[in-house]
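The structure appears below as structure tokens.
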Amino acid sequence: MFKREFWVKYFPADVRNRKVVEFLELKQWNMTVAEYAAKFESLTVSSPYYNTPEAEYDKCVKFESGLRPKVKHLIGFSEIRDFPTLVWKTRTQVQEKVVCFNCGEEGHKSPECKKPKQTIGKVFALSGEGADQVDNLIR
């Protein structure tokens, strides 16, 4: 009762409906399994049907259907119908490699990178007079 009144008061119908549609259309795409599972769980809150113990089977089917084809192939059609177990199995089967966009090494992402950020060169137009006083100018 309280939960329903809370949702009605603080989450207008259009917001709830957008979240339900976002959940129904959710696919893994370029997310890791962990990111996909977290997004899936956060959107499940806005889909009341998937919050019931009776819907555990459907929740697992929905999760599997949103996985990338390669990931689905790796885990096969799973008969696991306990959501936390399914997520754990999927994560352990896939063992995703995380690659840093800054240094290109595996095992971390660019925000956690210990190496200095790669600077991107910029082009400036200088007259011949000011060019002699600039150190980092490519000549």
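Position 105 (the sequence shown) corresponds to 105 in the UniProt record's numbering; numbering is contiguous. Idealized CB from N, CA, C, for every residue including glycine. Because the structure is a prediction, the values reported are computed rather than measured.
Which stretch, first to last residue, makes up the alpha helix (DSSP H) that contains residue i?
i	result
Pro-111	Neither: Pro-111 is in no alpha helix (DSSP H) and is coded neither H nor E.
Asp-58	56-65
Ser-46	Careful: Ser-46 lies outside any alpha helix (DSSP H) and carries neither H nor E.
Trp-7	2-10
Glu-22	13-24
Could you tell me which of the options sits nearest to residue i, measuring between CA atoms?
i	options	result
Cys-60	Leu-86, Arg-4 and Lys-9	Leu-86
residue 140	Gly-76, Arg-81, Phe-83 and Pro-111	The displayed coordinates of the chain run from 1 to 139. Any statement about residue 140 would go beyond what the structure contains.
Glu-41	Asn-30, Glu-54, Trp-29 and Leu-24	Leu-24
Val-20	Thr-44, Pro-116 and Thr-92	Thr-44
Glu-56	Arg-91, Arg-81 and Gly-104	Arg-81
Arg-18	Gln-28, Lys-27, Phe-2 and Ser-46	Ser-46
Arg-68	Tyr-49, Thr-32 and Tyr-50	Thr-32
If I measure Cβ to Cβ from residue i and keep anything under 8 Å in the same chain, skipping five residues before and after, which residues do I get?
i	result
Glu-106	Lys-97, Val-98, Val-99 and Cys-100
Asn-102	Ser-110, Cys-113, Lys-115, Lys-117 and Gln-118
Asp-58	Tyr-49 and Tyr-50
Starting from the C-beta of residue i, find all residues in its chain whose C-beta is less than 7 Å away, skip the five residues before and the five after it, and write them out in chain order.
i	result
Ala-37	Val-87
Glu-22	Leu-43
Report all residues from its chain with a CB closer than 6 Å to the CB of residue i; omit the five preceding and five following residues, and keep chain order.
i	result
Phe-11	none
Val-71	Val-94
### Message
Is it the case that the segment 62-73 contacts the segment 4-20, given that we only count it when at least three CB pairs across the two stretches are under 8 Å?
### Response
Touching, no, given that fewer than three Cβ pairs across the two stretches are closer than 8 Å.
### 4 or more residues per run - each alpha helix (DSSP H) lying fully within the segment 67-96
Given a length threshold of 4 residues, each whole run of the alpha helix (DSSP H) inside the segment 67-96 is given here in chain order: 69-75 and 83-94.
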